[in-house]
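Take the position in the sequence shown, starting the count at 1, then add 355; the result is the number in the working numbering. Scroll down for the structure; my scribbles are underneath it.
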Amino acid sequence: VKNVEINSDYFEGVVSVEQLDGGWKPWRLPHTEQLLFPSPDDALIARAENCSGVRLRFDTNSQQIQLTVEVATEVNPVTGRNAFVFDATIDSELILSVPVKPGDTKVVFTSLPEGEKTVEIWFPQDSPIVLRELSVDDEAYCVVSEDPRPRWVTYGSSLTHCVRAHSPARIWPAILA
């Protein structure tokens with residue numbers, strides 16, 4: 356596999372993307388303006404770094420996609436799960452879900468269909484994520500795919516976070532938008 360040189364253009368469903376040393380962190384608020392969003396115990400900021408509706412979007416001909424990530428150190432017990440879930444959709448159809456346990460760093464989607472396709476990798480809606488690497492097959496290409504669909508911006512609560520949902524690509528804001 357080979358690493359893809361990523362930038363903030365690969366991210367959808369975000370307001371801002373923070374470039375860290377060796378990684379990218381998506382935010383649902385402007386991360387540089389956190390002081391404008393005070394809340395008790397910084398709860399709003401904690402929710403804004405969770406990745407509900409956040410995804411990578413790109414065109415590729417790769418049959419394998421691998422992410423190196425940082426996820427939260429524990430799963431919220433209210434979810435009833437013991438792992439975070441990453442989804443892969445191809446041309447808007449859910450193809451594969453990959454569970455990732457807290458502390459694990461690899462997310463691997465294998466046996467993807469041959470040929471050109473638009474892929475979206477949906478991040479877990481119940482965790483902040485730092486993306487360290489995106490990798491594809493050695494001979495494959497991977498380029499940003501502009502999303503022609505209208506954008507929908509909402510301020511939400513626990514209802515739009517959908518932390519109890521089993522699939523980040525199937526939360527109601529993702530389906531509606």
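C-beta: ideal position from N, C-alpha, C; glycine also. Keep in mind the model is a prediction, meaning the values are calculated, not measured.
From 440, 467, 418, 481, residue whose alpha carbon lies closest to that of residue 461: The residue given as residue 461 occupies position 106 in the sequence shown. It is 440 whose Cα lies nearest to the Cα of residue 461.
With a Cβ-Cβ cutoff of 8 Å, do residue 501 and residue 416 count as a contact? To locate residue 501, count along the sequence shown from 1; it is residue 146. To locate residue 416, count along the sequence shown from 1; it is residue 61. Not in contact: residue 501 and residue 416 (Cβ atoms no closer than 8 Å).
Locate the beta strand (DSSP E) running through residue 443, then write down its first and last residues. Within the sequence shown, numbered from 1, the residue matching residue 443 stands at position 88. Element bounds for residue 443: 439–445.
Enclosing beta strand (DSSP E) for residue 488 [first to last residue]: The sequence position of residue 488 within the sequence shown is 133, counting from 1. Taken as a continuous stretch (DSSP letters only), the beta strand (DSSP E) holding residue 488 covers 485–491.
Quick check for students: name the residue ranges of the beta strand (DSSP E) that lie wholly in the segment 372–442, counting only runs of 3 or more. 378–382, 410–415, 420–425
For residue 473, the three-state DSSP class (helix, strand or coil): Residue 473 sits at position 118 when you count from the first residue of the sequence shown. Strand, per DSSP.
DSSP state of residue 346 mapped onto helix, strand, coil: Only positions 356 to 532 of the chain appear in the structure, and residue 346 is not among them; the question remains open.
Leaving out five residues on either side along the sequence, give the residues of the same chain with a beta carbon under 6 Å from the beta carbon of residue 363. Numbered from 1 along the sequence shown, position 8 holds the residue referred to as residue 363. The residues are 372.
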